[in-house]
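348 is the number that the working numbering gives to position 49 of the sequence shown; each next residue is one higher, with no gaps.
Every residue gets a Cβ at the ideal spot worked out from N, C-alpha and C, and that includes glycine.
Notes follow the structure.
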Amino acid sequence: MKIESLALGKLQTNAYFLLHEGKAAVIDPAGDSDLCLAYLSEEGAVLDSIYFTHGHADHVAAAMELKRATGARIYGHSADSYLLGRVNDEVAMYLGLKEIITLDVELIPESSIDIAGSNFTVLATPGHTPGSVCYYSASLKVLFSGDTLFAKSIGRSDLLGGNAQVLRQSLLRLKELPDDTLVLPGHGPSTTIAEEKVHNRLW
300 MKIESLALGK LQTNAYFLLH EGKAAVIDPA GDSDLCLAYL SEEGAVLDSI
350 YFTHGHADHV AAAMELKRAT GARIYGHSAD SYLLGRVNDE VAMYLGLKEI
400 ITLDVELIPE SSIDIAGSNF TVLATPGHTP GSVCYYSASL KVLFSGDTLF
450 AKSIGRSDLL GGNAQVLRQS LLRLKELPDD TLVLPGHGPS TTIAEEKVHN
500 RLW
């Protein structure tokens with residue numbers, strides 16, 4: 300599997316493309332659908348699935364455009380569905396949300412799913428939003444952490460639907476992952492669980 304990231308949208312959200320045998324999945328298509336489609340064309344890959352770590356506009360804005368262009372199915376946690384329809388919200392509109400997004404598949408927390416030919420576990424990590432999830436692959440030693448955990452920082456809990464105490468429990472859960480797990484967050488550089496245990500004072 301090949302994993303590539305593009306920083307997209309007004310907040311430069313990390314959209315992650317997972318490529319395998321001519322097919323692709325994207326985690327958090329933040330915006331700039333034309334750039335996403337151009338990248339897929341360059342790679343000779345067909346997008347067949349779209350995954351959300353949570354429902355904030357800066358992580359989902361390009362989803363419907365990509366779905367129409369490719370036929371890809373959209374996966375996410377139903378607890379964040381209320382965020383996917385906030386087309387009249389000024390902040391969401393500024394971040395590129397132009398239309399209501401509907402999920403094709405509602406993710407079941409703690410379930411195992413196939414993303415681009417590899418097995419991932421859907422970890423429920425609420426706190427930033429009620430439906431925040433992380434995607435963890437033990438075989439690849441990688442965690443897509445969305446806006447729950449960053450390099451030397453953690454997600455905000457003061458936005459709509461956020462809960463600081465719940466977020467703290469989610470972060471403690473991530474601490475149990477192996478130290479050599481590569482963490483690919485929604486914003487900023489990658490890190491590892493080991494690095495964050497040492498350097499992340501907020502964790």
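* How would you call T401, buried or exposed, if buried means at least 16 neighbouring beta carbons within 10 angstroms? -> exposed
Discussion item. Assuming contact is defined by CB atoms lying nearer than 9 Å, are K474 and Y393 in contact in what I supplied?
Written reply: no
**C-alpha gap between V482 and L448, whole angstroms** = 8 Å
key: alpha helix (DSSP H) segment containing K322, residue limits   = K322 -> not in any alpha helix (DSSP H); beta strand (DSSP E) instead, spanning 322-326.
For this session: Would you tell me roughly how many angstroms separate the C-alpha atoms of A378 and T424, rounded to the nearest one?
Result: 12 Å
| task | Would you check if the region 336-343 and the region 370-377 touch, i.e. whether three or more CB-CB distances between them fall below 8 Å? | result | no
*Run of the alpha helix (DSSP H) containing R472, from where it starts to where it stops*: 463-473
**Prompt:** If we count Cβ pairs, one from each stretch, closer than 8 Å, do we get three or more for the region 318-326 versus the region 401-412?
**Reply:** no
In whole angstroms, what is the alpha-carbon distance linking Q311 and V359? 13 Å
- Message: Quick check: what's the CA-CA separation for G454 versus A344?
- Response: 32 Å
_Just list the residues that DSSP pairs F351 with in beta bridges._
None, per the DSSP bridge assignment.
**Q.** Anticipated Cβ contact below 8 Å, D403 with A361, distance rounded
**A.** With a Cβ gap of about 16 Å, D403 and A361 do not count as contacting.
Checklist line | Contacting residues, own chain, Cβ-Cβ under 6 Å from A356 (five flanking each side not counted) | finding: A391, L394, L396
| query | Excluding the five sequence neighbours on either side, which residues of its own chain have a C-beta within less than 7 Å of the C-beta of L346, listed in chain order? | reply | A323, V325, L339, L365, T369, A371
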